[in-house]
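**Student:** I have a structure here, written as structure tokens, and I will follow up with some questions on it.
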């Protein structure tokens, strides 16, 4: 599986339709699309068989239903991606369950998290947490402490211990300043060679491109922990929270291009 680059994702702009410039479109509708159609799309990566059959990837990922990450191979539907992100909303019902709503061909669609996960063929039960932070301590601050997604998360010590991390450097240069790393800030070079392949596969199809690929986001470290510990992980929860986050950020890439094709086909 060749590593994707930021050049790959910038090419998606070449096929994103400019809906807001369609002659005769109403200014109200154009406004919905204008901020979305100038974004890049994170399509996802098709993973070849030789890659996922190496280093126990197939066995371990299948144990927690992460095999969905190397079985994804779908065409991209640019107009649907624009339709979806231009109006998608994430809400919580009276019982604390997430509800995803969007428009497709003038029809209003509402899905529970379970329905969303079933259609995308991704796991929708298990450990649930979302944060964009690097430090492992952010997992505890971001977790839901009550309701249907309340989760007993591993501690940072648990994660470091199970991943068998070895600190390779203490100081790191960030914006020309020397910064001392905390034990909870993991660099990708601290992973074993086998685990680096797991990390790359998850990053390519769950997190996308951009950011600092030399360090491990807290949620990615947690996912690797779940792979090793064979703990079920609520990938649908993460997807929905990341979709919500991308929708709110005017410069963020639009994630899950291939996965959203399954949603398009359903309706």
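In our numbering, the protein residues as written are 12 to 278.
Glycine included, each C-beta is placed from N, C-alpha and C at the ideal position.
Every value quoted in this text rests on a predicted model; they were computed, and no experiment measured them.
Kindly indicate which three-state DSSP category residue 242 falls into: helix, strand or coil?
**Tutor:** Assigned with DSSP and collapsed to three states, residue 242 falls in coil, not helix or strand.
**Student:** Expressed to the nearest angstrom, what Euclidean distance is found between the alpha-carbon atoms of residue 56 and residue 257?
**Tutor:** Spanning the two alpha carbons is a distance of roughly 19 Å.
**Student:** Comparing alpha-carbon positions, which option in 165, 140 and 167 lies nearest residue 157?
**Tutor:** 140
**Student:** Helix or strand or just coil, what does DSSP make of residue 148?
**Tutor:** coil
**Student:** Starting from residue 277, trace the alpha helix (DSSP H) in both directions and tell me its first and last residue.
**Tutor:** For residue 277, the uninterrupted alpha helix (DSSP H) segment begins and ends at 268-277.
**Student:** Using the DSSP secondary-structure output, state which residues sit across from residue 119 in a beta bridge.
**Tutor:** 114
**Student:** Specify the secondary structure class of residue 101 as computed by DSSP and reduced to three states.
**Tutor:** Note: residue 101 maps to strand in three-state DSSP.
**Student:** Let me make sure I understand the geometry here. Which of 100, 147 and 229 has the alpha-carbon closest to that of residue 109?
**Tutor:** If you compare the alpha carbons of 100, 147 and 229 with that of residue 109, the shortest gap goes to 100.
**Student:** Between the region 226-233 and the region 157-171, are three or more C-beta pairs nearer than 8 Å?
**Tutor:** yes
**Student:** If you run the structure through DSSP and keep just helix, strand and coil, what is residue 226?
**Tutor:** strand
**Student:** Leaving out five residues before and five after residue 120 in sequence, what residues of the same chain have Cβ atoms less than 8 Å from its Cβ?
**Tutor:** 112, 113, 114 and 278
**Student:** Report buried or exposed for residue 219, applying the criterion of at least 16 other Cβ atoms within 10 angstroms of its Cβ.
**Tutor:** Buried.
**Student:** For residue 92 versus residue 271, is the C-beta spacing smaller than 8 Å?
**Tutor:** yes
**Student:** Residue 188 lies in the beta strand (DSSP E); which residues open and close that run?
**Tutor:** 188-191
**Student:** Starting from the Cα of residue 165, find the closest Cα among 181, 147, 47 and 159 and give me that residue.
**Tutor:** 147
**Student:** Using 10 angstroms around the beta-carbon of residue 142, count the other beta-carbons present and answer buried if the total reaches 16, otherwise exposed.
**Tutor:** buried
**Student:** Where does residue 268 land, buried or exposed, given buried means 16+ other C-beta within 10 angstroms?
**Tutor:** buried
**Student:** Is residue 93 helix, strand or coil by DSSP?
**Tutor:** helix
**Student:** Compute the distance between the beta-carbons of residue 106 and residue 81, then report whether it is under 8 Å.
**Tutor:** Taking 8 Å as the Cβ cut-off, residue 106 and residue 81 do not qualify as a contacting pair.
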